[in-house]
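Have a look at the structure below before the remarks.
Chains as they are written, first to last, in the working numbering: chain A, 1 to 311; chain B, 1 to 292.
See below:
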């Protein structure tokens, strides 16, 4: 057996490096890993079949907390480019994964590390000191910026330029696809703006502070949150305050992200005669939403239906 | 909405839980299988997670029946292992079941859509958001189970209090053991969906233990247990609103504090009773109902 084992090891030692070398030459698709499904959806639109884009966190998960799994490390080890949402959204789980991957290309500051927040309009940047007593506040601003289609445009442009930098031979293809993305986005925006126009100024409650960019773009007034402070679960007295607020101001809708438990929102909605709407903050929040356009289609549709019903 | 209206449903729910759990707790403590209910509650929670993983609505009926199926399975296992005077301590098996059920629930949730919030819910529940419909359903189910236990109370008491000798009474101990655990499982499943694993455990054990500090006989124990459960529920719900803390966990901590107070005051109260009654009280420090 010993002789055979030795022969097998030598054979493998020769075959594997040769094999992988041949594989990487043949398929020069860029391996892109993103933190959430929104950058990966846009990247797939811009990169087309010249890229493999995959995300670590899924759209139905809370992007602040992701349980690490072995498959994440495997993805990161093979990545040429890592796109992160930034603004400390992933600070709870991504940094150790990046270090453990030992992939020099994607370390912070390397060429294959891309922080998309640098290219976008950021809201709710805190002034003054930020402490833990204020809850889970993001000290650099609200990281849910992809929910404004204008930021989607900025992300697509930045991703296109980065892809062209990493794969100059495909630059023309990326540029053309990105132009196509922007054109489709402009058309869709007209549709979304028209649909949401009648409801500008409507007051809503949301569970978490995921919606400032969305609300600003579509003219919604987010009056309060089910969470008493960001990241803190609903407390009895805040829930009572919320019920009284909604009754006083005639607010009927509670927008809840899909990864929160609906018990408390349902109880509040029952008490005020309102309605809970499970709104998706990310691509992949439900099976049918697979790209950036479908995300807004889904959300706008859900909202307009709910607004129409709750005059 | 004023505070009382807001707290009404949760408080009534806690009263219902107190009623059935204090009674079942007397049995559980007498049988000496304290961790069975924690384990069974966790198995019920695992059943719920499996239902959610399968795609059922987390607060719907399908999930309840799944949870119940798991609980009955656990009940069957626990009722069979009791009979054996085995080398392996029963508590070891129960503890292992608890650990594995907890971990299995975490694994199931990692594959599902509603992860961490649900896991936290499992532990302390969300009694504050209980609906009047749930309260009515629970009252109905527990009423039936209570009736069942009242009708057959002699059998149940016999097998709990005197397990070694109850075989002599002529009825199948195994069968009545299983009925006990099955009805117990029904209660645990419903309670866990409202109050969570920790709170269910507290309602079962703490009133019974508090009562054991002061009484030997079942009647007085039930009375003390029910009173304690009611007071702690009221205090816990009120405190959670005043200090703005999660209600379930507050009630658990209140149980702990009240139990400590009851233990500290025991000497004082019993001496007072002794002095006022001609015959000495039957309870001394070495006779606190410890069973061999």
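C-beta: ideal position from N, C-alpha, C; glycine also. Since the structure is predicted, the reported quantities are computational estimates derived from the model, not experimental observations.
Min CB distance residue i to chain B below 8 Å
i: residue 80/A; result: no
i: residue 103/A; result: no
i: residue 132/A; result: no
i: residue 34/A; result: no
i: residue 279/A; result: no
i: residue 270/A; result: yes
i: residue 38/A; result: no
i: residue 257/A; result: no
i: residue 73/A; result: no
i: residue 237/A; result: yes
i: residue 26/A; result: Any reading at residue 26/A needs caution, since the residue's pLDDT is 43, under 50, leaving its predicted position unreliable; the model's value is listed next. Answer no: the Cβ-Cβ gap between residue 26/A and chain B never drops below 8 Å.
i: residue 124/A; result: no
i: residue 240/A; result: yes
i: residue 249/A; result: no
i: residue 227/A; result: no
i: residue 156/A; result: no
i: residue 233/A; result: yes
i: residue 88/A; result: no
i: residue 264/A; result: yes
i: residue 261/A; result: yes
Cβ of residue i within 8 Å of any chain A Cβ
i: residue 37/B; result: no
i: residue 291/B; result: Here the model assigns residue 291/B a pLDDT of 49, short of 50, so the residue's position is not dependable, and the following value carries that caveat. Not an interface residue.
i: residue 178/B; result: no
i: residue 61/B; result: no
i: residue 186/B; result: no
i: residue 110/B; result: yes
i: residue 121/B; result: yes
i: residue 3/B; result: yes
i: residue 156/B; result: no
i: residue 175/B; result: no
Test item: CB-CB of residue i and residue j under 8 Å
i: residue 19/B; j: residue 142/B; result: yes
i: residue 191/A; j: residue 59/B; result: no
i: residue 13/B; j: residue 138/B; result: yes
i: residue 227/A; j: residue 207/A; result: yes
i: residue 227/B; j: residue 64/B; result: no
i: residue 297/A; j: residue 146/A; result: no
i: residue 141/A; j: residue 285/A; result: no
i: residue 62/A; j: residue 84/A; result: no
i: residue 246/A; j: residue 272/A; result: yes
i: residue 293/B; j: residue 221/B; result: What is shown of chain B runs 1 to 292, which leaves residue 293/B out entirely.
i: residue 99/B; j: residue 178/B; result: no
i: residue 47/B; j: residue 79/B; result: no
i: residue 164/A; j: residue 175/A; result: yes
i: residue 292/A; j: residue 283/A; result: yes
i: residue 143/A; j: residue 231/A; result: no
i: residue 303/B; j: residue 233/B; result: The requested residue 303/B does not occur in the structure, where chain B is confined to residues 1 to 292.
For residue i: DSSP bridge partner residues
i: residue 221/A; result: 203/A
i: residue 113/A; result: 82/A
i: residue 53/A; result: 32/A
i: residue 157/B; result: Paired residues: none, contrary to the question.
i: residue 254/A; result: 205/A, 276/A
Closer than 7 Å: residue i CB and nearest the ligand FMN heavy atom
i: residue 136/B; result: As presented, the structure is devoid of all ligands, the ligand FMN included, so that no description of it is given.
Interface partners of residue i on chain D, CB under 7 Å
i: residue 96/A; result: Of the chains in the structure shown, none is chain D; the protein chains are A and B.
Next item on the list: Report the residues of the segment 127-152 of chain B with a CB closer than 9 Å to any CB of chain A, ordered along the chain.
Entry: 128, 129, 130, 131
Item checked: Cβ-based contacts, 8 Å cut-off: residues of the segment 246-276 of chain B near chain A -> 246, 247
Next item on the list: Counting only runs of 3+ residues fully inside the segment 52-97 of chain B, write out the beta strand (DSSP E) ranges in chain order.
Entry: none
Check: Can you list the alpha helix (DSSP H) stretches of 4 or more residues lying completely in the segment 21-55 of chain B, in chain order?
Finding: 34-53
Margin query: Tell me which residues of the segment 227-240 of chain B have at least one Cβ-Cβ distance to chain A shorter than 8 Å, keeping chain order.
Written below: 240
Next item on the list: Give the residues from the segment 188-214 of chain B that approach chain A closer than 9 Å (Cβ to any Cβ), ordered along the chain.
Entry: none
Margin query: Report the start-end ranges of each beta strand (DSSP E) in the segment 109-197 of chain A that is 3 residues or longer and not cut off at the edges.
Written below: 113-115
Checklist line | Chain-ordered residues of the segment 8-22 of chain B with a beta carbon less than 7 Å from chain A | finding: none
Check: the segment 64-79 of chain B: which residues have C-beta closer than 8 Å to a C-beta of chain A, in chain order?
Finding: none
Checklist line | Whole runs of the beta strand (DSSP E) within the segment 211-280 of chain B, excluding any shorter than 3 residues | finding: none
Check: Which residues, in chain order, does the segment 51-69 of chain A contribute to contact with chain B at a C-beta distance below 8 Å?
Finding: 60, 61, 62, 65, 67, 69
Next item on the list: Identify every run of the alpha helix (DSSP H) within the segment 101-148 of chain B, keeping only runs that are complete inside it and at least 4 residues long; order them along the chain.
Entry: 115-124
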